[in-house]
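Below: the structure, in C-alpha cells.
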Amino acid sequence: MNLFAQTRDLVLAALDELVEERVLPEGLDFANVAVEPPRDAAHGDMATNAAMVLAKLAKMKPRDIAEALAPKLTAASQIESAEVAGPGFLNLRLAHGSWTKIVEAVLTDSRFGRSDLGQGAKVNVEYVSANPTGPLHVGHTRGAVFGDALASLLDYAGYDVTREYYISDGGAQVDVLARSVYLRYLEAHGQEVAFEDGTYPGDYLIAVGAALKDKVGDAYLDKGEQYWLSEIRDFATEAMMDLIRHDLKLLGVQMDTFFSEKSLYGTGLIESAIKSLDIKGLIYNGVLEPPKGKKPEDWEPREQTLFKSTEHGDDVDRPIKKSDGAWTYFAPDIAYHYDKVQRDYDMLIDVFGADHGGYVKRMKAAVSALSDGKTPLDIKLTQLVKLLQNGEPLKMSKRAGTFVTAADVVDMVGRDAIRFTMLTRKNDAPLDFDVDVVRQTNNDNPVFYVQYAHARVQSVIAKAQAEGMDMSDAALAQAARLDHDADVAVAKKLAEWPRLVEIAAKTNEPHKIAFYLSELTAKFNTRYSMGRDSDDMKFLQIGNTSESQAKIALIRAVAVVLSAGLGILGVSAPDEMR
RNA sequence: GCUCCCUUAGCUCAACUGGAUAGAGCAGUCGACUUCUAAUCGACAGGCUGAGGGUUCGAGUCCUUCAGGGAGCGCCA
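With this note's numbering, the residue at position 363 of the first sequence is 708, and numbering never jumps.
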C-alpha cells in the first residue's frame, strides 16, 4: 500500500478528465507528474507538481491548470482539500482515515513496504572481491557493508538478487602469497627467514605455514619454486578465503556465489569472451600513446593486443595482452563479466573501492560491448575510510603487516555500529570513522537511537501482555486509532516508507534507508515523550484493553517498519536495551 | 597533463535526482528524569550551498570556467 502512488493515480485520472473536457490539450506526457511529501508539513500532506510540469506543453499558466485540477481532486473521498500555492503547486490534504489505514496496513500486510518495482528482474551485485591474500581490512568493510545492504534493498524492492564475490586468484599477487606462505613453512621447520619487499609479512600467515607443514611434512624443503608454487598457491588461497569468509560472517555479510578468476584460465572462457569482441571488430593490435604529463622513465612504445573501448565511451583503448603475450588483468575481468552477461542478468552492479575509479569506464565499455548495450552495468565506488581513534588516525599499512582488520573493528565497536555508521553516508563521499564516537551510546551515534526506539516499543508491548492484553498484530490493527496530531505525524512518516524504499532502490542508495529510520525514530520519540507530561498520552492504559490496543497499534507499526529497515541494513532490532 | 569523485552551519552529514523559507545530530545557551526505558524530549542560536558565468517558470542538484581536497592514469591487481 503506497499512498503516494495511489494519490498519483487520482491526479492522473483527474488530468485525463480535464483532457476529455478539452480544458487540457490531448497528447500530453504525464510521466513527470509527481506526488511528493512537501518539504514543509504546513503545506499539507502531499503536493503535486502537475500544473508546472504541464504548463509549457499545454501552453497554459501553471496556476490556471492547478485551479482546474483542484475541484476534480477534492471530488475523491480520500482527498479533503486541494489548494493552489506558490508558482503552481497543488497542496493536498488527505482524509484522516487514510492515516489509520496505513497503520492497519503495516500490521496486517506482511508485504507492506516491499515493492514490485523490480518486477523480479535478475540483478547481480558483485561486492567485496578482496584479493585472497589476507584478512579483510577496514577499507574492504565499507564495500562489504554497502554491497550487502544494497543487495538486501533490491531484494526488498522486488528484484531477484544474486550476491557475488569475485576471487582474484589468478594473478601475480597469489604467487606472492604462495612465496610468503613458503617462508612461513620454512619457519615452521625451524629455519630463519627474511621477509623481503614483495612478500606479505603479516602474522596471519604463520598458521598457514604451520598447517602446510602438517599437511606435506618436509616435502617442499630445499626444493625450487617449480615443485611447490602451484600447490601452495591453491592451499594458501583456500586458507585466505576461509579467513575472509570468517570476516564476512563477523560483519553479517551474505554471499550467494564465489566466482574464481582461476576458473577462467585454461577453460577457453577468456578466449571466447575476447572472440566475441573480436567478431564485433573491437580487438586489434596497436601501440598506445604514452600517458601525457607523467611519462614513466622506462616508457617505450610496444605493440599490444587492444580492446577498442573508445567505441563504448572510454577515453583510450585498453590493453588485454601484455607485450609478452600474457593476458593483462583486464582480460579475465572481461571474461568474468561476459559470463555474467551469459547468465542472463537484467542488470549488473559492481561495488568497487575508490582505488578502482580509473577502471569504471573500461568495465562499462566492456559490458556494453559484450551485451550489445542490453545489460546495464552500474558501478558504485566506495570512497576511502579514514579510521580514527580519539581524532588521531589509526594506521593501516598492509605492507607493514599492521593494518587494522575488519575483525579488529568488529571487536572494537560491534557489527551493528559498523554497519549503521558506514551506511549513514553516501557511498561516494569519504568517511571518517572514529571508533570512539561509534562506541558512544548516545545521540551522536544513530544506531543506538534507532535500536532504542524499537526496544521501547517492544517494552511497552511486553508490559501490556503482562497485563493480559491481546497484543497480536491482528487485534491491534482492528483497534487502531489516531487521537492526536502527533499520532498522525508518526503515521504520515510510516506512509512514506514504501515510497522511500523505491527511491532508494532506483538510485542504488541504501543510505537513504538509514536516514529515514532516524527520522521515523524522531517522530516516534516526540510522541512517546508526551506520555511523560500526561498519563492520557501513555500508550499503555492499565485496566483498559481496547484503549491500549488503539494506541499501541501505532507504535507497534513503528516497530515493524524499524525492524524491516534495520533488516535491510543488516542491523539487529533488539527487544531490550538496558 | 588527462579521467573520475568530493567541497552545504564551528564539526560530522542530509536534502526523496530540477521544486516552495536548504534540514538533522554533535558542539554552544536554556529547560524537562519518584520513566509506558532520559541511550530521551522541548526551546534558542547558527548559511552568499568553495568562486564566477550559463540553461528555465524554478538550481545545492544540470552545463561551463576556475580554486581547494581525494583516487587513479601501458607491460600491478
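Virtual Cβ for every residue (Gly too), placed ideally from N, Cα, C.
Bridge partners of residue 391, per DSSP? 437
Looking at residue 473 and residue 488, is the spacing between their C-beta atoms short of 8 Å? yes
Residue 731 and residue 778: beta carbons closer than 8 Å? yes
Could you check whether residue 673 and residue 481 sit closer than 8 Å to each other, using their CB atoms as the reference points? no
So, at 7 Å on beta carbons, what are the nonlocal neighbours of residue 425 in its own chain, with the 5 sequence-adjacent residues on each side left out? 438, 439, 440
I believe residue 893 touches residue 899 by the beta-carbon criterion, under 8 Å. Please report the beta-carbon distance rounded to the nearest angstrom. That belief does not hold up - the Cβ atoms of residue 893 and residue 899 are roughly 12 Å apart, past 8 Å.
Pairwise C-alpha distance: residue 684 and residue 922: 47 Å
Note down the Cα distance separating residue 353 from residue 380, rounded to an integer number of angstroms. 6 Å
Could you please give the first and the last residue of the uninterrupted alpha helix (DSSP H) stretch that includes residue 419? 407-419
Inspect the CB distances between the region 596-610 and the region 679-693 and report whether three or more fall short of 8 Å. yes
Are the CB atoms of residue 533 and residue 564 within a distance shorter than 8 Å? no
Cα-Cα separation between residue 759 and residue 397, rounded to whole angstroms: 49 Å
Counting only runs of 3+ residues fully inside the region 666-690, write out the beta strand (DSSP E) ranges in chain order. none
Go ahead and pull the three-state DSSP assignment for residue 505. strand
Can you confirm whether the region 829-842 touches the region 806-816 when touching is taken to mean that 3 or more C-beta pairs between the two stretches lie within less than 8 Å? no
Quick check on DSSP: helix, strand or coil for residue 719? coil
In the DSSP assignment, find the unbroken alpha helix (DSSP H) run with residue 559 in it and report its ends. 551-561
Distance, Cα to Cα, residue 818 vs residue 895? 11 Å
Considering only the beta carbon of each residue, do residue 349 and residue 405 sit closer than 8 Å? no
Which residues mark the beginning and the end of the beta strand (DSSP E) in which residue 468 is found? 467-471
Quick test of your reading: residue 770 and residue 873, contact by CB under 8 Å. State the CB separation rounded to the nearest angstrom. The Cβ separation is near 27 Å, so there is no contact.
Under three-state DSSP, which class holds residue 427? strand
Identify, in the order they occur along the chain, each residue of the same chain with its Cβ nearer than 8 Å to the Cβ of residue 378, setting aside the five sequence neighbours on each side. 353, 356, 357, 360, 393, 394, 395, 398, 399
Return the Cβ separation of residue 346 and residue 454 in integer angstroms, given the expectation that the two are a contact with Cβ distance under 8 Å. 7 Å
Cα separation between residue 719 and residue 367? 41 Å
Is residue 615 near residue 652, with beta carbons less than 8 Å apart? no
Based on Cα-Cα distance, which residue from 723, 753, 717 lies nearest to residue 734? 753
Under 8 Å between C-beta atoms of residue 762 and residue 790: yes
Beta-carbon proximity list for residue 369, same chain, < 6 Å, skipping 5 on both sides: 363, 403
Would you call the CB atoms of residue 479 and residue 586 closer than 8 Å? no
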